[in-house]
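Spelled out as structure tokens, the structure:
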């Protein structure tokens, strides 16, 4: 222990040196002159690089070193969150990054396959102080004993699992299990599906896989970024510190409702509306709706003109529409083709009228005359108004809003389900907006023209600078012909255009920041959590963001709750990669105790008798309890008051329409769209609870949950589970009350009963508390 503490002291000393160097470099860079574009660029690059190092150092400080590998051949490596080297000529490694190949035995070695190890040491720390060691002997010929050997190889894991929750997910680099490590480092470059039941660590595995890929493919992913899609804002807040704690910040976290720039979907759909919007038929309905916008005049549109009215009839518009559609360009990009065809037809119409030879000869107008007529028609506001009426310029928001207000090309039931006028965008609207953007295309001709104008201004300015420089130099060397020729040669090496390019402002935003603002951004890798919940339309959106199909999909079909969710991996992926995806399953439940998992499994079997839950690695001896009451808010408040005597955080999970009443009864609980999960008590609906974990969970009114939602709610607890209900318990839970524990600790005398008699006399509403 003393030697390990000495090593940690030296390690943290080296970390302080590296941090000082990085801070000094940032300070010096900020004082550099920025009078030139090159100077600003060099400064910004240096600041970004050193600031990234500082972030990595800050991340690695907590648990800087957590393990040690001692090999039979004498090699000895400490393992930590970040790699670190000595300040010597050889740059000797001090601590090895957990993602390096040499660190793999820390996660994979066993007594049967020791991978060259003599012993493996787990080092527990609090800040820079070593608090415990746990040695696993993997070479039975090793006779050395330190007094820190342990017969239970899972002691470190179980200690971590029993630790009280903090409201934030932590990295698991100290306790990654062999099956998890194989997934994290999987060489598969396409779609990797990680399936696992509650508590199997699939989310943590996906996040650590992201960290591993950012380590192994640094150059690529630094440019293209990694996207992590989560089921709700609460979940993103819960996992938000994992990757930064591993020193990785080049990641964009978003819900589906945040994947259309400028839109944050806060509205709520009915289940029927969400299901209808998620069907593949919506793509066809939107495409047909766009074609409906490409109309023909009925009757013909008469456009006033000084040389006689122009008539834009159905024949002209039909020919123009056929030509524009033939380009196979999106609606807005095909619009100029429609407009040019109409303008040409109207020009021909006017040419025939004005220049017709009364004696039947050729048209009397020459090419210049016809060009002048065409120019006048092309600049006519009345002509453009008519073109806009037949082939309007559309925006995705405008198109989808119009479609939702009067849905067409859909079955009547679906149309009625999604019909609405106004209101906030919902998560199910975002794939529709993205589909509309694809159908419409972005006519950026005006933006490109403006950018070209700015570019020409920079070139003109640069030319002036060169002319001044050239004039002063030629004056200086006018009597020195040889040197003058050298000046001219040097002047020819750079022209105004290159000089202007050098002085363009660089975009110093991170890849993740640029990706968040660009709907068409192609990510280097995408991770989707609770992937089974996404609809067909949502998958169309995500696949556009991943042209290389480099993805890690995490989920559990048994937990599918969204009505539009696919549930089947083959059904999800067949349109995009056919059967070219790798599927793996995690089968060990690290979070949910066996006592709780047994109850949850019975609920799942009520819908699927063949259901097999993941195997729990531990039992707590605390049985779940149930309480029947006539006063749901009061009973839940009383249960929360009792559970706060225990260490850790509490979640009350209830049907959405019960939350307002429960919020009144639990004024100190955090609730809402983005609840603060670090608060002692959190109030959630089952969809918000997805992917989260708490020490204690109290499920309110379970009969009002769907089977999948109830299964999710029951499996969020790491220690204790209670159920409060006013009516009969649903199938799977009906044995909980009958088999529930006997009455436990009574409330203090005089405490408001919330349905529980103050003197502890059994009766309606008596809490059946857990027994050890």
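In UniProt numbering, the protein residues as written are 1 to 772. Ideal placement from N, C-alpha and C gives every residue a C-beta, glycine not left out. In this text the structure is predicted, and so the values were computed from the model without any measurement.
Query	Result
CA nearest to the CA of residue 289, picked from 394, 252, 146	394
Alpha-carbon to alpha-carbon, residue 216 and residue 187	10 Å
Inter-residue Cα distance where the pair is residue 13 and residue 20	11 Å
Nearest-angstrom Cα separation, counted from residue 277 out to residue 369	54 Å
Helix, strand or coil at residue 332 according to DSSP, with G and I counted as helix	helix
Enclosing beta strand (DSSP E) for residue 301 [first to last residue]	301-303
Nearest-angstrom Cα separation, counted from residue 16 out to residue 519	41 Å
Between the CA atoms of residue 584 and residue 546 - distance to the nearest angstrom	21 Å
Other residues of its chain near residue 346: CB distance less than 6 Å, five sequence neighbours each side excluded	310, 377
One or two residues paired with residue 552 in a DSSP bridge	192, 527
Contact set for residue 109: own chain, Cβ-Cβ below 7 Å, skip 5 residues either direction	115, 117, 120, 138
C-beta contact flag for residue 228 and residue 599 at 8 Å	no
Residue of 597, 24, 637, 144 minimising C-alpha distance to residue 621	597
Simplified DSSP state of residue 176, which is helix, strand or coil	coil
Endpoints, the alpha helix (DSSP H) within which residue 398 is located	396-405
First and last residue of the uninterrupted beta strand (DSSP E) at residue 268	Premise fails: residue 268 is in no beta strand (DSSP E) and is neither H nor E.
Residue 653, enclosing beta strand (DSSP E) - first and last residue	650-653
Length of the line joining the Cα atoms of residue 648 and residue 695	5 Å
Start and end residues, beta strand (DSSP E) containing residue 725	717-725
Residue 408 classed as buried or exposed, judged by whether at least 16 other C-beta atoms fall within 10 angstroms	exposed
Strand pairing of residue 569, partner residues [DSSP]	Looking at the DSSP assignment, residue 569 forms no beta bridge with any residue, so it has no partner.
For residue 93, the residue or residues it bridges with in DSSP	85
Residue nearest to residue 684 in terms of C-alpha spacing, selected from 183, 18, 565, 671	671
Chain-order list of residues whose beta-carbon lies under 6 Å from that of residue 773 (same chain, five-residue window excluded)	Residue 773 falls outside the range modelled here, since the chain spans only 1 to 772, and no answer is possible.
Beta-carbon gap between residue 540 and residue 435 smaller than 8 Å	yes
Counted within 10 angstroms of its Cβ, other Cβ atoms place residue 488 as buried (16 or more) or exposed	Only weak support is given to the placement of residue 488: the predicted model assigns it a pLDDT of 41, under 50, and the value that follows is read from those uncertain coordinates. Exposed.
Residue(s) in a DSSP beta bridge with residue 126	129
Residue range of the alpha helix (DSSP H) that includes residue 782	This structure cannot settle anything about residue 782, because the visible part of the chain is limited to 1 through 772.
Beta-ladder partner(s) of residue 708, from DSSP	Answer is none; residue 708 lacks a bridge partner.
Distance between residue 193 and residue 178 (C-alpha atoms, nearest Å)	17 Å
CA-to-CA distance, residue 538 to residue 375, given in whole angstroms	46 Å
Distance CB(residue 203)-CB(residue 529) smaller than 8 Å	yes
Residue 9 versus residue 191: straight-line alpha-carbon distance, rounded	43 Å
Inter-residue Cα distance where the pair is residue 254 and residue 189	22 Å
Residue 205, enclosing alpha helix (DSSP H) - first and last residue	202-216
Candidates 232, 605, 693, 729, of which the one nearest residue 700 by Cα	729
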